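Chains as they are written, first to last, in our numbering: chain F, 37 to 274; chain P, 37 to 274. Ideal Cβ placement from N, Cα and C applies to all residues, glycine included. Predicted model, so just to flag it, every value in this text is computed and none were measured. I have placed the structure first, in the form of structure tokens, so that the comments after it can refer back to it.
There are 2 protein chains.
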Amino acid sequence: MDTDLNLTQHISNRFNEELEGVRNLALNMGGLVEKQVSDGLKALLKAKSKLGEKVASSDYKVNAMEVDIDEQCTLILARRQPAASDLRLVISIIKTITDLERIGDEAEQLGIYAIKLADDNIKPSQFVELRHLGEHVKGMLHDALDAFARMDVGAALATIESSATLKEEYDAISRQLILQMMEDPRQIKNALSVHWCARSLERIGDHSENICEYVVYLVKGRDVRHVSLDEMKAELEE
Amino acid sequence: MDTDLNLTQHISNRFNEELEGVRNLALNMGGLVEKQVSDGLKALLKAKSKLGEKVASSDYKVNAMEVDIDEQCTLILARRQPAASDLRLVISIIKTITDLERIGDEAEQLGIYAIKLADDNIKPSQFVELRHLGEHVKGMLHDALDAFARMDVGAALATIESSATLKEEYDAISRQLILQMMEDPRQIKNALSVHWCARSLERIGDHSENICEYVVYLVKGRDVRHVSLDEMKAELEE
């Protein structure tokens, strides 16, 4: 943990408990979202219709957590008027849960397509690339949440770096699916469903990257969105 | 404007100027994003490659505005420690600009696909439905920004209500494109591009709806995300 953070300064007081509480809630929400993504992907790759239904019908839990955490953050801002790194923590949480909620939406989509594809007896497990993309994205989300939990800038930057191949992997799937559609036009509808899933996975990767950027902001006080990785590293070394 | 808002209470002081300043910046960002969407759609429907390039290469302006406004909001939170409706205003702005930035990303996508489609001599103007969806979404974004500018809950709810047909319009385009792909597999790649554009437009509609929800939160202090329109209305009448 970076020494710049003054979380420990008001240890044992009520304010610190509130900050820790809301941070823990965000981490719990992260855990739930991670499970949703993992289950959504499993339902998809193993054509498990029931699991798909479970994922598609559980998004309300994620949404409820977002609203609850947002409210608690607003209360802290209003009552405690945090400054410096405490303020950054609250702002980072507000931003992180927005991305988590949207990851939840994408996981819901994975669940919905898993049901459709399973009902059509399509097992996308044949698409090795989709599995690879899925595992990559799952790993990114896990690492992003881990970097957030440990406030670890190095891990956040490494996760952002690992996203470099995401676009290529997605493009490869896209090309493969287009070929497949052209070869067998009866498969167009299902291939499109797989395509949407790949897109959802890519977006989950993007949101994970956003979370890593908030970690950098939280710990270093620098806004590194829309900054290239090289510039980011150079700026943080200053 | 709702009388609940105390924007006028600290009129003529420095704090009020700061709040007004950041609100105006957010409105300017909204105007820029609106123009990006409008140009992106025009480039697409009229197969204007140059205009598509302009849209695709202007997203950095939207990004820079997001970072700037975010920073100013954080400064206000740290220095002024706003409460009640002032705090809600700052939080609404932080959330609104996140959605605006993502609308900017979708507009960029429209620009990129406009270039591709124009280069392939495809004029998607033949897709009457895409034009309809585009006009609908453009209107929603405009109304959402208007509701935000005037802090008008009624207008915000009307805009949310108008989104009800968005999904149907999108599904109609999707079905039409699948048919088209099946009839002429050589058109698969271009039809997919049009499909992505429809998806981008649908997402712009979703983000516009989010902005309307922040307007309700700002004026009424109620978080109405993930709440159905009927529940929303009932809750606001309480």
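Residues in its own chain within less than 7 angstroms of residue i by CB, not counting five upstream and five downstream?
i, result
"residue 256 of chain F", "189, 272"
"residue 236 of chain P", "142, 145, 146"
"residue 156 of chain P", "226"
"residue 216 of chain P", "223, 227"
"residue 199 of chain P", "176, 241, 245"
Given a cut-off of 7 angstroms, decide if residue j and residue i are closer than it, judged by their beta-carbon atoms.
i, j, result
"residue 72 of chain P", "residue 103 of chain P", "no"
"residue 51 of chain F", "residue 116 of chain F", "yes"
"residue 135 of chain F", "residue 49 of chain F", "no"
"residue 224 of chain P", "residue 133 of chain F", "no"
"residue 241 of chain P", "residue 202 of chain P", "yes"
"residue 251 of chain F", "residue 163 of chain F", "no"
"residue 221 of chain F", "residue 221 of chain P", "yes"
"residue 98 of chain F", "residue 137 of chain F", "yes"
Just how far apart, CA to CA, sit residue i and residue j?
i, j, result
"residue 9 of chain F", "residue 180 of chain F", "Within the shown structure, residues of chain F are numbered from 37 to 274, placing residue 9 of chain F beyond reach of any answer."
"residue 249 of chain F", "residue 261 of chain F", "6 angstroms"
"residue 110 of chain P", "residue 101 of chain P", "14 angstroms"
"residue 182 of chain P", "residue 253 of chain P", "16 angstroms"
"residue 206 of chain P", "residue 87 of chain F", "27 angstroms"
"residue 69 of chain F", "residue 62 of chain F", "10 angstroms"
"residue 173 of chain P", "residue 186 of chain P", "20 angstroms"
"residue 209 of chain P", "residue 171 of chain F", "32 angstroms"
"residue 229 of chain F", "residue 165 of chain P", "21 angstroms"
"residue 55 of chain F", "residue 81 of chain P", "50 angstroms"
"residue 40 of chain P", "residue 121 of chain P", "Interpretation of residue 40 of chain P is limited by its pLDDT of 49, a score under 50 that renders its predicted location unreliable; the figure taken from the coordinates is listed afterwards. If I take the Cα positions, the gap works out to 8 angstroms."
"residue 238 of chain F", "residue 139 of chain F", "10 angstroms"
"residue 231 of chain F", "residue 78 of chain F", "16 angstroms"
"residue 149 of chain F", "residue 233 of chain F", "7 angstroms"
"residue 270 of chain P", "residue 204 of chain P", "25 angstroms"
"residue 219 of chain F", "residue 211 of chain F", "12 angstroms"
Residue i lies in the alpha helix (DSSP H); which residues open and close that run?
i, result
"residue 51 of chain F", "50-81"
"residue 240 of chain F", "224-256"
"residue 120 of chain F", "120-155"
"residue 195 of chain F", "189-198"
"residue 184 of chain P", "164-186"
"residue 212 of chain F", "202-219"
"residue 97 of chain P", "95-116"
"residue 271 of chain F", "265-273"
"residue 90 of chain F", "85-92"
Cutting at 6 angstroms between CB atoms, please list the residues of its own chain near residue i, excluding the five before and the five after it.
i, result
"residue 159 of chain F", "83"
"residue 85 of chain P", "151, 154"
"residue 259 of chain P", "253"
"residue 192 of chain P", "183, 248, 251, 252"
Might you give, ordered along the chain, the residues of its own chain that have their beta carbon closer than 8 angstroms to the beta carbon of residue i, omitting 5 neighbours on each side?
i, result
"residue 64 of chain P", "101"
"residue 75 of chain F", "87, 90, 91, 143, 147"
"residue 196 of chain P", "245, 248, 249, 265, 268"
Q: Could you name the residues of the region 197-223 of chain P whose beta carbon sits closer than 7 angstroms to any beta carbon of chain A, in the order they occur along the chain?
A: Although the question refers to chain A, the structure presented lacks it and instead comprises the protein chains F and P.
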